[in-house]
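Residue numbers (full-length UniProt numbering): 1 to 176. From the three backbone atoms N, C-alpha and C, an ideal C-beta is built for every residue, glycine too. Keep in mind the model is a prediction, meaning the values are calculated, not measured.
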Amino acid sequence: MHAPAEQRSEIELELNGETRHGRTEPRTQLCDFLRHDLGATGVHVGCEHGVCGACTVLVDGVASRSCLMLAVQADGRRIDTVESLARDDVMNDLQQAFSRHHALQCGFCTSGILMSCVEFLQRMPTPDEAQVRDMLSGHLCRCTGYTGIVRAVLEVAHQRQSGESQQNASEKPYDV
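Have a look at this one:
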């Protein structure tokens with residue numbers, strides 16, 4: 001049951017580069033508001049305790065668990081979800097590397113992991129394996145064993161640093 005209209009809060013935020021408006025109850029989690037009210041279904045809700053990382057989005061450029069944030073706290077902020085990564089139905093370099101390295105299987109955790117990787121690579125453009133694994137320790141993935149994810153992140157970091165095209169680098173293996 002929803003609260004009466006007078007108890008709902010008006011929210012305006014920038015979602016994936018577009019100004020969006022909505023009304024929601026003050027207690028609504030950001031993940032639920034994004035999925036159900038704004039249609040950003042790439043945000044997955046797993047544990048609802050901030051442990052699994054499936055709901056990770058970027059809030060003003062910082063990887064954040066959207067299950068631990070209320071929607072009203074996002075008012076006036078910039079939110080980026082996995083839907084922001086592809087342009088004109090073309091996956092970005094990180095998504096392509098995930099595909100090449102079989103870094104996803106069921107895909108439930110993938111959107112949150114991708115968003116953490118986006119922020120991580122901005123902060124740390126030349127990570128080593130241990131740093132990537134440390135960043136991934138905040139995510140639960142039951143399918144992949146993480147090796148493909150680590151390879152994908154290291155490949156993208158290398159490509160970005162060397163300026164290589166995705167086609168040239170896609171044939172090079174990254175041992176992990």
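By the CB criterion at 8 Å, cysteine 109 and leucine 140 fall inside the cutoff. Around the beta carbon of glutamine 7, fewer than 16 other beta carbons lie within 10 angstroms, which makes this residue exposed.
Here the alpha carbons of threonine 126 and alanine 157 stand approximately 6 Å from one another. The shortest C-alpha to C-alpha distance from threonine 147 to any of Ala63, Leu104, Cys55, His44 is the one to Leu104. The beta carbon of glycine 22 is closer than 7 Å to those of Ile11, Phe33, Asp37, Leu38 in its chain, skipping five residues each way along the sequence.
In the displayed model, leucine 85 falls within coil according to three-state DSSP, outside both helix and strand. Residues of the same chain with a CB within less than 6 Å of the CB of alanine 97, apart from the 5 flanking positions on each side, are Ala152, Glu155, Val156 in chain order.
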